[in-house]
Amino acid sequence: MSAVKITSSHAGHGGTDPGAVWGKYGEHIIASQINKKWLSITGGVDCSVENSTSINDNLAKISAKVNAVSKSGSNINISHHLNASGGVGTGTEVWYWEGDAVSKAYAAAISKAIANALGIPDRGAKATNNFYVHRNTTGRMLLIEWCFIDRKGDVESLLKNMDKAVVAATAALGYNAKAPAPTKEPTPVKKPEANSTPAKDFSKQYFTVNPKKVRLKTAQGLRKLTDVEFTGNSTYGGSYKAGTVFAITGLKYTKAGCPRLITQSGHLLTANKADVEEITVAPAKKTGSYKIKSAIGANIRSAASKNAPIVGSYPQGATFNYDQTVVADGYTWYSYIGSQSKKRVYVAAV
18 MSAVKITSSH AGHGGTDPGA VWGKYGEHII ASQINKKWLS ITGGVDCSVE
68 NSTSINDNLA KISAKVNAVS KSGSNINISH HLNASGGVGT GTEVWYWEGD
118 AVSKAYAAAI SKAIANALGI PDRGAKATNN FYVHRNTTGR MLLIEWCFID
168 RKGDVESLLK NMDKAVVAAT AALGYNAKAP APTKEPTPVK KPEANSTPAK
218 DFSKQYFTVN PKKVRLKTAQ GLRKLTDVEF TGNSTYGGSY KAGTVFAITG
268 LKYTKAGCPR LITQSGHLLT ANKADVEEIT VAPAKKTGSY KIKSAIGANI
318 RSAASKNAPI VGSYPQGATF NYDQTVVADG YTWYSYIGSQ SKKRVYVAAV
């Protein structure tokens with residue numbers, strides 16, 4: 018078959034939206050690697066976003082970039098993701114717009130190819146009529162869930178066989194490529210080495226203890242995780258306005274002992290208190306009602322963790338009553354006893 022022309026391809030998360038995180042693995046980091054390898058084979062426009070300030074902002078900016086290049090209903094666009102289910106799920110799947118037989122065939126072929134390359138279950142083509150990037154873009158959108166990031170066998174196979182899987186997936190669309198450059202395992206939340214502690218007291222001017230969440234006081238850029246000395250591209254991970262909020266996973270230190278903040282997306286941010294301020298989360302009411310604000314709705318989970326199994330979901334605008342609040346994983350969680358399951362469930366405030 019002749020190769021299917023790819024109009025655009027992107028990593029499904031970026032900026033302050035890291036996607037799913039499991040241990041040292043981050044969805045955005047891995048999906049970005051896949052996206053670069055994919056585009057090196059198929060060509061097309063990279064519609065990834067590195068300067069988003071929230072999940073909704075990321076979705077809107079990706080859709081806008083796709084629509085800028087995808088003008089026809091027959092254009093093919095690719096969105097790269099990794100699944101998560103609290104360690105329960107396994108396999109690969111590809112989501113297409115419900116009722117589009119052409120997209121369904123492409124989705125099934127890609128899913129089968131990736132599953133075979135990684136040695137994980139083929140969950141096949143999945144139909145949707147409500148995913149944001151499907152609803153808000155022109156052309157055909159194929160959203161690939163390459164594997165489950167929180168399933169050890171899945172993610173380790175993807176990292177080991179990423180080149181093989183990308184070649185297989187693009188071959189399903191008619192491309193005949195050799196394996197891209199070898200993949201290096203990502204380390205988005207790497208802890209500082211034992212010998213990298215501060216050499217002197219920087220605490221008056223810099224954050225020397227993880228502040229967990231910060232807000233920019235001045236416009237800043239995100240740097241590459243390895244650029245600890247801040248000598249490289251100051252906007253490698255995007256440029257951000259004052260007021261942007263970042264979740265912080267740890268610190269790294271320069272040779273002189275000056276601290277840098279590690280963002281949840283796997284980049285470095287200044288720890289200078291003149292440029293960033295710590296956000297302290299005000300305690301939420303213990304009981305009350307909460308209205309879902311996110312355009313993509315919110316998942317109901319069995320525990321207060323983004324990696325906990327999903328047991329249901331709420332659309333945007335839905336309201337529910339809660340009788341307990343928990344702060345965990347950088348989120349405030351509203352909790353209540355499910356009316357049918359009779360078990361306690363949790364919804365993150367996003």
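Residues 18 to 367 in our numbering are what the sequence shown spells out, letter by letter. Each residue gets a CB set at the ideal place from its N, CA and C atoms; glycine is no exception.
With DSSP run on the structure shown, which of helix, strand or coil describes Thr154?
coil
Candidates Thr109, Leu135, Pro138, of which the one nearest Leu159 by Cα
Thr109
Where does Leu76 sit, in a helix, a strand or coil, going by DSSP?
helix
Between the CA atoms of Ile309 and Phe337 - distance to the nearest angstrom
9 Å
Find the nearest neighbour of Ala288 within the set Val343, Ser352, Pro332, Ser220, judged by alpha-carbon distance.
Ser220
Quick one, are the C-beta atoms of Asn100 and Trp163 less than 9 Å apart?
Taking 9 Å as the Cβ cut-off, Asn100 and Trp163 qualify as a contacting pair.
Considering Gln54, what are the terminal residues of the alpha helix (DSSP H) in which it resides?
It should be pointed out that residue 54 corresponds to Lys in this sequence rather than to Gln. Per DSSP, Lys54 belongs to the alpha helix (DSSP H) from 44-59.
Ignore the nearest five residues each way along the sequence and tell me which others in Val231's own chain have a CB closer than 8 Å to its CB.
Phe224, Val262, Phe263, Ile265, Leu278, Leu286, Val293, Glu294, Glu295, Ile296
Sequence-distant residues of the same chain with beta carbon closer than 7 Å to Ser87, five excluded per side:
Thr24, Ser25, Asn94, Thr154, Thr155, Gly156
Can you name, in chain order, every residue of its own chain whose Cβ lies under 7 Å from the Cβ of Gln237, other than the five neighbours on each side?
Tyr257, Leu286, Thr287, Asp292
Please classify Ser65 as buried or exposed, where buried requires at least 16 neighbouring CB atoms within 10 angstroms.
buried
Could you tell me which residues DSSP pairs with Lys284 in its beta bridges?
A small fix is needed here, since residue 284 is His in this sequence, not Lys. The partner list for His284 (beta bridge, DSSP) is empty, contrary to what the question assumes.
Determine which residues share a DSSP beta bridge with Asp139 and list them.
Thr109
Can at least three beta-carbon pairs, one atom from the region 127-142 and one from the region 102-119, be found at a separation below 8 Å?
yes
Same chain, Cβ closer than 7 Å to Ser69, five either side skipped, listed in chain order
Gly31, Gly32, Thr33, Asp34, Asn75, Lys78
Considering only residues of the same chain and omitting the five flanking positions on each side of Asp340, which have a CB-CB separation below 8 Å?
Lys303, Thr304, Ser352, Tyr353, Ile354
Between which two residues does the alpha helix (DSSP H) holding Thr187 run?
169-188 is the extent of the alpha helix (DSSP H) around Thr187.
Measuring only the C-alpha atoms, how far is Lys326 from Gly274?
In the sequence under discussion, the amino acid at residue 326 is Pro, which differs from the Lys named in the question. Cα-Cα distance, rounded: 40 Å.
Just to confirm my understanding: we take Ser425, look at its own chain, exclude 5 residues before and 5 after, and list those with CB closer than 6 Å. What are they?
Only positions 18 to 367 of the chain appear in the structure, and residue 425 is not among them; the question remains open.
Around the Cβ of Val83, are there at least 16 other Cβ atoms within 10 angstroms (buried) or fewer (exposed)?
buried
Proximity winner among Gly104, Val105, Asp63, relative to Ala85 (alpha-carbon distances)
Asp63
So Ser96 is in the beta strand (DSSP E); what residue range does that whole segment cover?
93-100
If you check the beta carbons only, do Ala188 and Leu135 fall under 9 Å apart?
It is not a contact, given that the beta carbons lie outside the stated cut-off.
With a CB to CB cut of under 7 Å and the five nearest residues on each side skipped, what residues in its chain are close to Lys290?
Gln222, Tyr223, Phe224
According to the neighbour-count rule (16 or more other Cβ atoms, all chains shown, within 10 Å of its Cβ), is Thr200 buried or exposed?
Note that Thr200 scores a pLDDT of 49, beneath 50, so its modelled location is shaky; the value from the coordinates is reported in the next line. Buried.
Coil, strand or helix - Val227 by DSSP:
Contrary to the premise, residue 227 reads as Asn rather than Val in this sequence. In this structure, Asn227 counts as coil in the three-state DSSP scheme.
Quick check on Gly29: buried or exposed, where buried means 16 or more other Cβ atoms within 10 Å of its Cβ?
buried
Among residues of its own chain, excluding the 5 on either side of Ala335, which ones have a beta-carbon nearer than 6 Å to its beta-carbon?
Once the five neighbours on either side are set aside, the close Cβ partners of Ala335 are Ile309.
So, helix, strand or coil for Ser352, using DSSP?
strand
Could you tell me if Gln50 is buried or exposed, where buried requires 16 or more neighbouring beta carbons within 10 angstroms of its beta carbon?
buried
DSSP-derived helix/strand/coil call for Tyr123
Helix at Tyr123.
What is the DSSP secondary structure of Pro197, counted as helix, strand or coil?
Residue placement at Pro197 is flagged as unreliable, the pLDDT there being 48, under the threshold of 50; the coordinate-derived value follows with that caveat. Coil.
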